[in-house]
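Position one of the sequence shown corresponds to residue 8 (our numbering), numbered consecutively onward. Here a beta-carbon is modelled for each residue, glycine too, at the ideal position from N, C-alpha and C. Please read these numbers as outputs of a predicted model, since none were measured by experiment.
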Amino acid sequence: ATWTRLLPRQAREAQMQRFCKAQAIQRRLEEIEVTFGELEKQGIKLEKLLRDESGGDHAGPGGTGGTGRPAAAHAAPTASPAELRTQWMNQLLYLVQKKNSLVCEESDLMIAVQELKLEEQQSRLDQQLRRFMSKEGKGHGAGRGNRERTRHLCPGSSPAAPTDARKTPAERAAEQETLARLLEVVNQRNALIHVQEERRLSEL
């Protein structure tokens, strides 16, 4: 049938889309990791400036000026100690907010990775289940032919056994296991969607 030929192609296309998404997510996670490092360095520098200002350090090898205040990037040359402290506090607050934002984005991306993995598992299990169904469908066709021949040759004879009865115990067990695993993956995906919805609602 046409649909049986289309399914493998659609599955391959979906798999390629998942692969591209996974690569994009991995690149973004690496960028976030680099940004975390940069924010950490800036935060350490600002905390040192604030400690030095509070401690009233005077000029020395640490790069302080004649006023006893550490030199800070983006600080006005004529800024008072209070103004410098406020500026550094604001910069530190911005870094904290930026870091929190990146933590949330990283968490969303990790959930997306899990969702892609579950989607891949679901696709694979769905294909396995379809192969079982395809085999069953072929069996039904053969069964109809056998029944017609049986009635023709031996009128009044019992109909052929159901298709499922022709499956070996191992095949029936494998089919049931595949179906159980598929349902489990679907439930896991639904749970992830529920987590995402709860997070969105909490951010409103």
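Segment limits, alpha helix (DSSP H) that includes residue i
i, result
"LEU211", "Segment: none, LEU211 is in no alpha helix (DSSP H) and carries neither H nor E."
Between the CA atoms of residue j and residue i - distance to the nearest angstrom
i, j, result
"ILE200", "ALA86", "51 Å"
"GLY73", "ASN97", "Note that GLY73 scores a pLDDT of 38, beneath 50, so its modelled location is shaky and nothing firm can be said."
"SER141", "PRO176", "18 Å"
"ALA31", "ARG16", "23 Å"
"GLU112", "GLN94", "27 Å"
"GLN203", "GLN135", "29 Å"
"LEU186", "ILE51", "54 Å"
"ARG19", "VAL192", "20 Å"
"GLN22", "LYS174", "31 Å"
"THR42", "TYR101", "14 Å"
"LEU99", "GLU40", "19 Å"
"ALA29", "SER114", "15 Å"
"GLU60", "SER209", "39 Å"
"ARG206", "GLU178", "42 Å"
"ARG137", "ARG131", "10 Å"
"ARG154", "ALA180", "The pLDDT assigned to ARG154 is 46, lower than 50, so where the model puts this residue is not dependable; a value taken from the coordinates is nonetheless given after this. Each residue's Cα considered, the two are about 27 Å apart."
"ARG34", "ALA89", "41 Å"
"GLU38", "ASP133", "35 Å"
"LEU211", "ILE118", "19 Å"
"HIS65", "PHE26", "For HIS65, the predicted model reports a pLDDT of 41, less than 50, meaning its position is unreliable and no value from the coordinates is stated."
"ARG92", "GLN24", "50 Å"
Presumed contact (8 Å Cβ cut-off) between residue i and residue j, rounded CB distance
i, j, result
"LEU109", "LEU36", "The pair is not a contact, with the Cβ atoms about 10 Å apart (cut-off 8 Å)."
"LEU190", "GLN129", "Between GLN129 and LEU190 the Cβ distance is about 10 Å, and since that is not below 8 Å, they are no contact."
"GLU184", "PHE139", "About 11 Å separates the two Cβ atoms, so there is no contact after all."
Contact the region 41-51 vs the region 96-110: 3+ CB pairs below 8 Å: Yes: the two stretches touch, three or more of their Cβ pairs being nearer than 8 Å.
Given 8 Å as the limit, is there contact between the region 190-199 and the region 108-126, that is, 3 or more CB pairs closer than that? With three or more CB-CB distances shorter than 8 Å, the region 190-199 counts as touching the region 108-126.
At least 3 beta-carbon pairs within less than 8 Å: the region 113-122 vs the region 52-59: Contact between the region 113-122 and the region 52-59 is absent: fewer than three C-beta pairs spanning the two stretches fall below 8 Å.
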